[in-house]
């Protein structure tokens, strides 16, 4: 990465926007950044690192503190860097998170961090994480690595030069990030411990698997009970146990198959014997059943005869039913005739009572009922209208009374208003005359009477109404008159309505035949009762007439029906007696004794057929069983059962032995599999443990580590040797071959492996680095810094550092040493590399043409090139 342009705005000590064009400032590669302490020289490098990574170099700086305290509210804080990388140009602009005054109003505003990376092809990235990843991908360095390589902070390497070995180790660990090697040592130690624990756990699992083995073999028990168990030997014995049990299982299987065949044969023999005995038992049972059935033969014949007689009786039954029906019809006809005569007598009595009531209500006769009922209904209608008109008359008279009272009230009020107005009007007129009298002069004629003498002039009273008051009083009087006229008109209308209603009431009194002093509600109630009684009588007369005519018809029909029923009964009796004689019955009682209802006859028929079927089945079964038992005899099942039971006990015993063997074999087989698996795993763990343990011992200075050095000490010594090798090239050049840095070998001299000495060619001896003068110490420290940079580049795959900053340390050099240091740095400016020296030493300004001067003022710093 090689910077081309750097823009700094409101950043740190810089108040305004500052631009550095590195192509102009650093044309020869080596340039100076000068200025007083605290002016902002190192801030330029901070701006570059912030633009690239969003971080700054100083450990005490924070991104929220980057905005310049000198900046104006309208000035934005940002850094913009244009740089070349592998011949292509990139541009990145970044702003930090900072508080700035609001541009409108008062108070502060928190500006969020932003970034924009523009690629050579114009593609842009604006997400913080994406830009960070892209920059690290381009440069191949993260922020820490870039800072370590690109900025040589002179104080750090002076400390590396003169530090104690223990402190030097910490500095090297920080520079080269050697914590990974210490972490590797701890990781190997933890891995060694975990593997040991896993191997112990595996041994426990192996012992657990062995404890599940079931056997009483002496060699197994001896090997298992040994204090130092030989697990391979135990595995071999277990395999032999499994093979022996599998062979024994094969023998058991053959024995089991033989026992099954023998048992099946015995079961077949026992089954045949039992079946034969069952046939003989069935034959004996059938003979007993047949004997019992034959004993019921006579009873069955009687049932057949009874069922035959019942069949003849069923032919007689319809005639008996017809006779019984005719007899019942005659009885019903007699009963109906009796009831009809009783009903006729009751209806006659009711008709006589109704006739008496009719004579009471209608003395003129039934023919006047309709007209009298109509007359009563019309009177009732007029009475209802009369009551309605009387009610309306009362309401009208009440309204008229209210209007009359209102008229009297308004009339009195009108009188008061009139008098009030007239009084005020007279007062006004008198006042007008008094005013005119005041204008009269003696000797001049009066405009009213013409007299020239005015002995008694009219006077003006104190209370004189104005015209507005008169108008208001006049209007109030007129309003009351209008109200009075309206009430008078309403009263006249109500009076006319009352008179009309009175006339209507008188008409309804005449039509309803009601006297003026008669109680109308009571009369209406009486007429309503009369109408109800007349209507009830009218309905009763009609019903009585219909009932009388209907009952007369029924009585005549019943008187005709009884002889016919008697005739039918005699005919049915003759036909019933005739069929009895034809079927051989002497009298009805003998027939009824033989008759069976359908249900009973059906049950008897089923009994007979069931008996015949049972008899036939028993006879056939006897024939069949006699054929099947011919030539056979009854067997003794006791001996056969005992032999079969003994065979089954033997088989059951063998089954238990098989189960025991199967369980033992399966358990031992699982134990063998587990043992083999765990032993194989243990061998792998043991092999890995040996390797890890050797490495762990080496890293902690034990075992095969003959130098007894810790791993991180060895690595830091190796890096230190590489740094010293690279540093001595430049130190010999800067000191014209006099000095060379050297690390003391602890194994040869008993010192720590990072003990540093300087070889002085003038004396041919080694001496401590602390004996170097200030200028010599600077040269040595600069050589260490450049050597460290070379080593870091080599370990990063040869990443080329195109820009390098060296911060301070030149003030301790004399003129000659300063020239040598500058020459050394100039030798590094090969190709397109840029090297910036950050220093306030005045002599450097004379030796270097390319300069960036940071000028500090009370209002903030600015850059001059």
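Numbering (our numbering), first residue to last: 83 to 947. Even for Gly, the Cβ is constructed at its ideal location relative to N, Cα and C.
Option in the options with minimal Cα separation from residue i
{"i": "residue 694", "options": "379, 99, 641", "result": "379"}
{"i": "residue 401", "options": "197, 656, 476, 472", "result": "656"}
{"i": "residue 210", "options": "137, 203, 245", "result": "137"}
{"i": "residue 243", "options": "152, 888, 917, 856", "result": "856"}
{"i": "residue 930", "options": "194, 98, 114", "result": "114"}
{"i": "residue 822", "options": "848, 800, 804, 798", "result": "848"}
{"i": "residue 190", "options": "179, 197, 200, 571", "result": "179"}
{"i": "residue 354", "options": "715, 580, 412", "result": "715"}
{"i": "residue 173", "options": "205, 157, 96", "result": "205"}
{"i": "residue 685", "options": "334, 386, 165", "result": "386"}
{"i": "residue 258", "options": "802, 476, 900, 310", "result": "802"}
{"i": "residue 132", "options": "112, 738, 213", "result": "213"}
{"i": "residue 892", "options": "900, 886, 885", "result": "900"}
{"i": "residue 552", "options": "824, 413, 508", "result": "508"}
Extent of the continuous alpha helix (DSSP H) run through residue i
{"i": "residue 800", "result": "793-816"}
{"i": "residue 357", "result": "313-376"}
{"i": "residue 755", "result": "719-781"}
{"i": "residue 865", "result": "856-877"}
{"i": "residue 960", "result": "The question about residue 960 has no answer here: the residues shown for the chain are numbered 83 through 947."}
{"i": "residue 149", "result": "From DSSP, residue 149 is part of no alpha helix (DSSP H); its letter is neither H nor E."}
{"i": "residue 107", "result": "104-107"}
{"i": "residue 303", "result": "300-307"}
CA-to-CA distance, residue j to residue i, given in whole angstroms
{"i": "residue 279", "j": "residue 289", "result": "15 Å"}
{"i": "residue 141", "j": "residue 186", "result": "Low confidence applies here, because residue 141 scores a pLDDT of 40, under 50, leaving its location unreliable and the question unanswered by this model."}
{"i": "residue 934", "j": "residue 946", "result": "6 Å"}
{"i": "residue 321", "j": "residue 350", "result": "44 Å"}
{"i": "residue 219", "j": "residue 251", "result": "31 Å"}
{"i": "residue 733", "j": "residue 374", "result": "49 Å"}
{"i": "residue 90", "j": "residue 944", "result": "10 Å"}
{"i": "residue 253", "j": "residue 793", "result": "16 Å"}
{"i": "residue 814", "j": "residue 875", "result": "22 Å"}
{"i": "residue 576", "j": "residue 492", "result": "18 Å"}
{"i": "residue 101", "j": "residue 207", "result": "23 Å"}
{"i": "residue 830", "j": "residue 888", "result": "Unreliable positioning characterises residue 830 in this predicted model, as indicated by a pLDDT of 40, which lies under 50. A coordinate reading is not provided."}
{"i": "residue 696", "j": "residue 376", "result": "10 Å"}
{"i": "residue 816", "j": "residue 861", "result": "7 Å"}
{"i": "residue 941", "j": "residue 97", "result": "7 Å"}
{"i": "residue 729", "j": "residue 330", "result": "21 Å"}
{"i": "residue 868", "j": "residue 157", "result": "40 Å"}
{"i": "residue 316", "j": "residue 247", "result": "57 Å"}
{"i": "residue 411", "j": "residue 420", "result": "14 Å"}
{"i": "residue 199", "j": "residue 932", "result": "29 Å"}
{"i": "residue 769", "j": "residue 762", "result": "11 Å"}
{"i": "residue 566", "j": "residue 578", "result": "18 Å"}
{"i": "residue 927", "j": "residue 151", "result": "30 Å"}
Cβ separation of residue i and residue j, assumed to be a contact under 8 Å, to the nearest whole Å
{"i": "residue 719", "j": "residue 346", "result": "Not quite, the Cβ-Cβ distance comes to about 18 Å (not below 8 Å), so this is no contact."}
{"i": "residue 302", "j": "residue 323", "result": "7 Å"}
{"i": "residue 176", "j": "residue 149", "result": "The Cβ separation is near 13 Å, so there is no contact."}
{"i": "residue 159", "j": "residue 215", "result": "Contact doesn't hold; Cβ gap of about 24 Å is too wide."}
{"i": "residue 559", "j": "residue 510", "result": "Not confirmed; about 15 Å, so no contact."}
{"i": "residue 562", "j": "residue 496", "result": "4 Å"}
{"i": "residue 866", "j": "residue 851", "result": "Their Cβ separation, rounded to whole angstroms, is 10 Å, which puts residue 866 and residue 851 out of contact at 8 Å."}
{"i": "residue 917", "j": "residue 112", "result": "5 Å"}
Start and end residues, beta strand (DSSP E) containing residue i
{"i": "residue 88", "result": "84-93"}
{"i": "residue 193", "result": "190-193"}
{"i": "residue 839", "result": "838-842"}
{"i": "residue 845", "result": "Careful: residue 845 lies outside any beta strand (DSSP E) and carries neither H nor E."}
{"i": "residue 938", "result": "933-939"}
{"i": "residue 175", "result": "170-177"}
{"i": "residue 918", "result": "916-920"}
{"i": "residue 667", "result": "That residue, residue 667, is in no beta strand (DSSP E); it is neither H nor E in DSSP."}
{"i": "residue 116", "result": "112-116"}
{"i": "residue 942", "result": "942-946"}
Exposure label - residue i; buried when at least 16 CB within 10 Å
{"i": "residue 85", "result": "buried"}
{"i": "residue 368", "result": "buried"}
{"i": "residue 799", "result": "buried"}
{"i": "residue 262", "result": "exposed"}
{"i": "residue 853", "result": "exposed"}
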